[in-house]
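Contents: one structure, followed by commentary.
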Amino acid sequence: MAAASPGATHAIAPERNLRRFAWPVGYVVVILFLFFLYQSILPSLVKPVQAPILAWLPVATINECLMWAIMALGLNVVVGYAGLLDLGYVAFWALGGYTAGWLMAFPFNWTFNFHLFSPVRANAPGTHINFWLVCIVAGVLCSILGLIIGAPTLRLRGDYLALVTLGFGEVITQFFRNSGDIAGYNIAGGDPGISSIDPIGTGPLGALGVAPKLLTNSAAGNIWKILVLGLLVGICIFISLRIREGRLGRAWLALREDELAASMMGVPLVRVKLLAYAVGAFFGGIGGVANASGITTAVSPSGFDFGKSVLVLLMVVLGGMGNVWGVTIGAFLLSWLNSNGLKQIGVQFDALAGTNLEASLPRYNYVILGLLLVLMMLFRREGLIPESRTKALMQMPSRTEAESLGADSLEAEAESEAVEHSDAAGDAKIAASAAAMAGSGAGTGHTTGTGPRREEES
Amino acid sequence: MSDQKPGVRETLADVTQLGGTPNTPGDPSGAAGYGRPDSAESGVDGAVRQHVPDTGVDPVEANVLYADRITIRFGGLTAVDDVSFSIPPRSVVSLIGPNGAGKTTFFNVLTGLYEATEGAVYLDGKDITAVKPHKRAAMGLARTFQNIRLFGLMTAEENVMVAMHSHLKAGVMSTIIRTRGQRREEREARETARELLDYVGIGKTAGELARNLSYGDQRRLEIARAMALQPKVLLLDEPTAGMNPQESANFNDFVYRVRDEKGISVLLIEHDMSVIMKISERITVLDRGAMIAQGTPDDIRNNQQVIEAYLGKTGTREGKRTPRPGAQAQTAAGPGTGSTTTEQEQA
Numbered sequence: 061m062a063a064a065s066p067g068a069t070h071a072i073a074p075e076r077n078l079r080r081f082a083w084p085v086g087y088v089v090v091i092l093f094l095f096f097l098y099q100s101i102l103p104s105l106v107k108p109v110q111a112p113i114l115a116w117l118p119v120a121t122i123n124e125c126l127m128w129a130i131m132a133l134g135l136n137v138v139v140g141y142a143g144l145l146d147l148g149y150v151a152f153w154a155l156g157g158y159t160a161g162w163l164m165a166f167p168f169n170w171t172f173n174f175h176l177f178s179p180v181r182a183n184a185p186g187t188h189i190n191f192w193l194v195c196i197v198a199g200v201l202c203s204i205l206g207l208i209i210g211a212p213t214l215r216l217r218g219d220y221l222a223l224v225t226l227g228f229g230e231v232i233t234q235f236f237r238n239s240g241d242i243a244g245y246n247i248a249g250g251d252p253g254i255s256s257i258d259p260i261g262t263g264p265l266g267a268l269g270v271a272p273k274l275l276t277n278s279a280a281g282n283i284w285k286i287l288v289l290g291l292l293v294g295i296c297i298f299i300s301l302r303i304r305e306g307r308l309g310r311a312w313l314a315l316r317e318d319e320l321a322a323s324m325m326g327v328p329l330v331r332v333k334l335l336a337y338a339v340g341a342f343f344g345g346i347g348g349v350a351n352a353s354g355i356t357t358a359v360s361p362s363g364f365d366f367g368k369s370v371l372v373l374l375m376v377v378l379g380g381m382g383n384v385w386g387v388t389i390g391a392f393l394l395s396w397l398n399s400n401g402l403k404q405i406g407v408q409f410d411a412l413a414g415t416n417l418e419a420s421l422p423r424y425n426y427v428i429l430g431l432l433l434v435l436m437m438l439f440r441r442e443g444l445i446p447e448s449r450t451k452a453l454m455q456m457p458s459r460t461e462a463e464s465l466g467a468d469s470l471e472a473e474a475e476s477e478a479v480e481h482s483d484a485a486g487d488a489k490i491a492a493s494a495a496a497m498a499g500s501g502a503g504t505g506h507t508t509g510t511g512p513r514r515e516e517e518s
Numbered sequence: 191m192s193d194q195k196p197g198v199r200e201t202l203a204d205v206t207q208l209g210g211t212p213n214t215p216g217d218p219s220g221a222a223g224y225g226r227p228d229s230a231e232s233g234v235d236g237a238v239r240q241h242v243p244d245t246g247v248d249p250v251e252a253n254v255l256y257a258d259r260i261t262i263r264f265g266g267l268t269a270v271d272d273v274s275f276s277i278p279p280r281s282v283v284s285l286i287g288p289n290g291a292g293k294t295t296f297f298n299v300l301t302g303l304y305e306a307t308e309g310a311v312y313l314d315g316k317d318i319t320a321v322k323p324h325k326r327a328a329m330g331l332a333r334t335f336q337n338i339r340l341f342g343l344m345t346a347e348e349n350v351m352v353a354m355h356s357h358l359k360a361g362v363m364s365t366i367i368r369t370r371g372q373r374r375e376e377r378e379a380r381e382t383a384r385e386l387l388d389y390v391g392i393g394k395t396a397g398e399l400a401r402n403l404s405y406g407d408q409r410r411l412e413i414a415r416a417m418a419l420q421p422k423v424l425l426l427d428e429p430t431a432g433m434n435p436q437e438s439a440n441f442n443d444f445v446y447r448v449r450d451e452k453g454i455s456v457l458l459i460e461h462d463m464s465v466i467m468k469i470s471e472r473i474t475v476l477d478r479g480a481m482i483a484q485g486t487p488d489d490i491r492n493n494q495q496v497i498e499a500y501l502g503k504t505g506t507r508e509g510k511r512t513p514r515p516g517a518q519a520q521t522a523a524g525p526g527t528g529s530t531t532t533e534q535e536q537a
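Line order of the protein sequences matches chains A and B. So for the first sequence, my numbering puts the first residue at 61; every next one is plus one. So for the second sequence, my numbering puts the first residue at 191; every next one is plus one.
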């Protein structure tokens, strides 16, 4: 490859340039297809075609899937790229959600109102800041939070780090649960949380009358949210792909492979880990805003339980740690199962077998997801769409390993041969002693003959 | 790094005034009264532990790496005891000793994995005793590992590029936006990586995953990766382990090439004497944590203490060892002995 002539490199270059656009084009096509499917294709179809599609894949579910994809992509940076197990990722989701609550609602009875490019009425009380700005603010806030938790904990390794992050996730939830009265101040509304968060605005598109001005949870609003959330996911995928190609991405991979060797090669472990944490937290913050503003329109501590951290981790693991596409697919699959898929499977099964699974199947979602994980670990440990590197790890032993194993097996072969041989020698000895007992001296000479020979072998 | 400079200068000034004081001047326990370390230990002439008159050369300044009276204790166990060691510029020196002599412990103090209980390490005249391993690496102290520690799931090229981390500048934003500067930096880094792979003779494997390389190529890749740090000193931990004589001979040439063409000093750690004798300009021998000899290969070859450390003194350590069971069996190759060994093997 190094010996390739300059002409050959030139020939490769344009092809690579085209391939660069392959995924963005494909991605935009998919998102636009989804959008137009619900916007214009489905309404014009006949009921028997339209109904099952809407039942299996409602628009709201697609939006949820997209939101979870943001989260999974964020956790993928931490878990998949840098190999740091984070069991408290929900903390960033929560902080992102609450940032939306603080900046896009009327959480406190302040007399001071603040509006910044917000689509809501100008005289609405409270703080109302544009969705995109809040996304950036939440991302930055979460990154800072990530750095704050990370700085003392990232010196820990493996299991300890996982435990600390787990504790941290719980702490954040409890903080928001008690936030109604912290030293006499209402910081985030306590148990009921903050509700009626502004929906996403459409800005110029809304003004032109192409799209609804506010993307509420109405049918039309949900369809347009596909584009907004799709854009966010696209940005996250873009960042994920770009960042892994550069200096930092390589340092993360090296860290994942061998921390000690990485530090001996001049990679500053703590800083690189902190950056992984910060980037992951940034995505988590955006996911939180997308959830609070686009999906639930309210935040409350009960939504940010440990189960959510596990769910995101499952998406990453099932999809294929480290592979952006695998993780995205994993997020889609699991959030679909979680929000609508299980219910639909129940409905279909009920219709066939006359059982009553429609209500109970979604309740057992974690059992089913857990089962899925176990099956996955048994039959496809590397994930649905594994990273090419991990695939190599799972499917083929390392060359030196294999060769040293080979050497071992050769040794083992020689050993077993020696044992067989000594068996023969033992048999011969028994025969000889039998012969000696019978009064013949010929056998003794035979045995002494085998002694040194066997010695040489061992 | 720049914020450390005043501190470093201060320490250096102290060192030049007080000679071989450990990094804490004024510490009463810290052997300050002993004055300058023997210049013999700085490798000027190769005599061992003889107090030759001061040549006026400051070992800190004269050597690219200088370890000053290093002692490491693990609990009550002294792994390395008061060892001074120096690597002059453009030299090939080695550290040898029987198993358990403290070679690797000493090595780990140099690279920063262990903190010395006493003593100080200087790289290029700077006190790096308190500097973290990754910073030492960035400052030009590169190492390989005894049991190869490559990033197996990264390509050979990527392995080398990881080591360039400290020399590259691109941040998060410039990587995401892929600025012109970042792209140029990446391209140059890739070219340098290819050159280094060619230099160690595995240029064809640039795109292969490191774990798929053969054993010898993995060793070469480790060296290429270490060289990507643009080191002043290259520390090789048992580099010829698992090499055949032909490969070892090639390796000798390679080490000299590294020294002469790149101007890098090389420190080898080995317990195999034969390799070391051919290649080293100066050898330091450790035994049970203490330095027992230092000098040219010829000095070491004829040094009684070294011979004892390796082969044992008659009547002491080696004398207690039982002769090899094979020899015993052969001397008394009666039917009785033959049967007992057979039974042992079957068990």
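Yeah, the Cβ is synthetic: ideal placement off N, Cα and C, and Gly gets one too. Values in this document were obtained by computation on a predicted structure and should not be read as measured data.
Query raised in the report: From this set, A:D251, A:L223 and A:H175, which residue's C-alpha is nearest S239 of chain A's C-alpha?
Result: A:D251
Report task. Please state whether DSSP places L78 of chain A in a helix, a strand or coil. Result -> helix
Query raised in the report: Is the Cβ-Cβ distance between V475 of chain B and I466 of chain B less than 7 Å?
Result: no
Report task. Could you name the residues of the same chain whose beta carbon sits closer than 7 Å to that of F599 of chain A, not counting the 5 residues immediately before and after it, in chain order? Result -> Within the shown structure, residues of chain A are numbered from 61 to 518, placing residue 599 of chain A beyond reach of any answer.
Query - For H355 of chain B, the three-state DSSP class (helix, strand or coil) - result: helix
Report task. Answer yes or no: does any C-beta atom of chain E fall closer than 7 Å to that of T369 of chain B? Result -> In the structure shown, chain E does not exist; the protein chains are A and B.
**Report entry** Sheet register partners of D317 of chain B (DSSP bridge)
**Finding:** B:Y312
Query raised in the report: Does any CB atom of chain A fall closer than 7 Å to the CB of R380 of chain B?
Result: no
Requested in this report: With distances taken Cα to Cα, identify the nearest neighbour of H357 of chain B among A:R316, A:V327, A:K285 and A:L163.
Outcome: A:V327
**Report entry** Cβ neighbours of L411 of chain B in the same chain (closer than 8 Å, five flanking residues each side left out)
**Finding:** L340, A346, N349, V350, L387, V390, I392, T395, A400 and L403
Query raised in the report: Of the choices A:N77, A:L92, A:F81 and A:R79, whose alpha-carbon is the least far from that of L291 of chain A?
Result: A:L92
Query - Residue span of the alpha helix (DSSP H) that contains M329 of chain B, given as start and end - result: P323 to M329
Query raised in the report: Around the Cβ of G199 of chain A, are there at least 16 other Cβ atoms within 10 angstroms (buried) or fewer (exposed)?
Result: buried
Requested in this report: Below 8 Å on the Cβ atoms is my guess for S455 of chain B versus K422 of chain B; work out the distance and round it to an integer in Å.
Outcome: 7 Å
Query raised in the report: Within the 7 Å Cβ cut-off, does S448 of chain A reach chain B?
Result: no
**Report entry** Residue-chain proximity (I466 of chain B, chain A), Cβ-Cβ < 7 Å
**Finding:** no
Report task. Could you tell me the distance, in whole angstroms, from the CA atom of A311 of chain A to the CA atom of N246 of chain A? Result -> 43 Å
Query raised in the report: Would I366 of chain B count as contacting chain A if we go by Cβ distances under 7 Å?
Result: yes
Requested in this report: Grab me the residues of A328 of chain B's own chain with a C-beta within less than 6 Å of its C-beta, minus the 5 sequence neighbours each way, in chain order.
Outcome: S356
Query - DSSP-derived helix/strand/coil call for R333 of chain B - result: strand
Query raised in the report: By Cβ distance, which residues of its chain are closer than 8 Å to K403 of chain A, with the 5 residues on each side in sequence left out?
Result: E418, L421 and P422
Query raised in the report: Per DSSP, what kind of secondary structure is T187 of chain A in: helix, strand or coil?
Result: strand
Query - Cβ-based neighbour list, R80 of chain A, same chain, cut-off 8 Å, excluding 5 preceding and 5 following - result: none
**Report entry** Within-7 Å CB hit, L399 of chain B to chain A
**Finding:** yes
**Report entry** Residues near A280 of chain A by beta carbon distance below 7 Å, same chain, minus five either side
**Finding:** P272
Query raised in the report: Using a Cβ cut-off of 8 Å, which residues of the region 427 to 444 of chain A contact any Cβ in chain B, in chain order?
Result: none
Requested in this report: Please decide whether R79 of chain A counts as near chain B, where near means a Cβ-Cβ distance under 7 Å.
Outcome: no
**Report entry** Neighbour-count burial assignment, V231 of chain A, 16 or more Cβ in a 10 Å radius
**Finding:** exposed
**Report entry** Listed by chain order, chain B residues near G326 of chain A by CB distance under 7 Å
**Finding:** H324, A327, A328, A353, H355, S356 and L419
Requested in this report: State the start and end residues of the unbroken beta strand (DSSP E) segment that holds E460 of chain B.
Outcome: S455 to E460
**Report entry** Whether I286 of chain B touches E460 of chain B by CB criterion (7 Å)
**Finding:** yes
Query raised in the report: Is L386 of chain B helix, strand or coil when you go by DSSP?
Result: helix
Requested in this report: Determine the chain A residues that contact T301 of chain B at a beta-carbon separation under 9 Å, and present them in chain order.
Outcome: M324
Query raised in the report: Would you call G371 of chain B buried or exposed, if buried means 16 or more other Cβ atoms sit within 10 Å of its Cβ?
Result: exposed
Query raised in the report: Hey, is the region 164 to 184 of chain A in contact with the region 204 to 218 of chain A, meaning 3+ C-beta pairs nearer than 8 Å?
Result: no
**Report entry** Nearest-angstrom Cα separation, counted from I355 of chain A out to I254 of chain A
**Finding:** 14 Å
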